[in-house]
């Protein structure tokens, strides 16, 4: 197999699957990639037609339903080796984490899959299906919930954040660009990961709870309790780290990627979305750096902005003060709280239709700026990846 580029690798891998796993697996591979919620019915229909002694693999972002379907409907002579590339379709796969799961397979079959996937030049990470779903929930599901909530709040207030001085410059650029990046994708990409992952429900519920409880402390003016909770969360998440190295994100990097004009004097912002994320990690006992080997580019950016805030004591103290004393943007924070709880409810009730309606309505609101945001977002991703590889 002669492969000289990641694009050829993907095509060759698909061709190999089609040749090796017969017509039924061709269809299943496409469904696994596109919509995990439809996996079960397709495996039910096509499972018995799978070629004898074939190697079957899924590439969905949620392995629990994938493995369940394979075990239930595929013949026992079929080997199961699953994978998941931890990055989006527009990110160069070279050096990115690629999870490979030897669920039910001989070493020979597993080695064959590894050999084929090696043409992507990704960094192979060997996990079980349960480990994959736990790490994915810890890193991706709750991170997506934060960005989805920001977008929903801006939509509810009929705000294009790049037109509002408060949201231009610094870490605001990361929030805007990544929110638009998520909303420019298909709705089911994030719905399946959040609703079908058995571990994601707890994480997303805790994020909504952290947002709500912090917002109540802000409304009540409970500065001491608020500050103590934030500092405790910061110590739990960042306290065991050695801070001799540089920040993942620097000011010059943050200011480079803007969709709007940066104001001469920055406007106050309590960064509720970031404070709630660190509080959520703390409440769940998650140390995000433990998952860096399986981190997506988006997750690395999100760690970068939270780290940026918590590693600058003066900035953090100012944010705490603003959260209690400055009520200029209370209505924005209220909508953000509603949004976080709304997404959590969708996950709790397993409601794909409500998720779709919420996602698509906000997607249409922001659609005119997707092209610009995608271009800027791709450059931002490239920059942070270069920084984290150093």
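Numbering (this note's numbering), first residue to last: 67 to 456. We put the CB at the ideal spot given by N, CA and C, even for glycine. Since the structure is predicted, the reported quantities are computational estimates derived from the model, not experimental observations.
Between residue 436 and residue 257, the C-beta spacing is not below 9 Å. In the structure shown, the three-state DSSP call for residue 204 is helix.
Under the three-state reduction of DSSP output, residue 148 falls in the strand class.
Here residue 270 really is in contact with residue 207; their C-beta atoms are around 6 Å apart, less than 8 Å.
Just measuring C-alpha positions, the residue of 140, 149, 126 and 156 sitting nearest residue 441 is 156.
Exposure of residue 359 is indicated by the presence of fewer than 16 other C-beta atoms within 10 angstroms of its C-beta.
For residue 219, same chain residues with a beta-carbon under 6 Å away, outside a window of 5 residues either side, are 401, 402 and 405 in chain order. One alpha carbon belongs to residue 429, the other to residue 223, and they sit about 14 Å apart. Less than 9 Å separates the beta-carbon of residue 130 from that of residue 195. Nearest neighbour of residue 213 by Cα position, chosen from 159, 239, 198 and 303, turns out to be 239.
Here residue 259 really is in contact with residue 127; their C-beta atoms are around 5 Å apart, less than 8 Å. By the 16-neighbour rule on beta-carbons within 10 angstroms, residue 136 is buried.
Looking at the DSSP output, residue 189 bridges to 163. Its chain contains 274, 277 and 278 as the residues whose beta carbon lies nearer than 8 Å to that of residue 407, once the 5 sequence neighbours on both sides are disregarded; these appear in chain order.
The three-state secondary structure of residue 230, taken from DSSP, is coil. If you compare the alpha carbons of 147, 284 and 203 with that of residue 352, the shortest gap goes to 203. Distance from the CA atom of residue 426 to the CA atom of residue 253, rounded to whole angstroms, is 7 Å. Rounded to whole angstroms, the separation of the alpha carbons of residue 334 and residue 392 is 8 Å. The C-beta distance from residue 243 to residue 443 rounds to 4 Å, short enough to fall under 8 Å. Residue environment: residue 123 is assigned as buried (16 or more neighbouring CB atoms within 10 Å of its CB, all protein chains considered).
Look at residue 122 here: in three-state DSSP terms it is strand. Inter-segment contact for the segment 362–371 and the segment 290–301 is absent: fewer than three beta-carbon pairs are separated by less than 8 Å.
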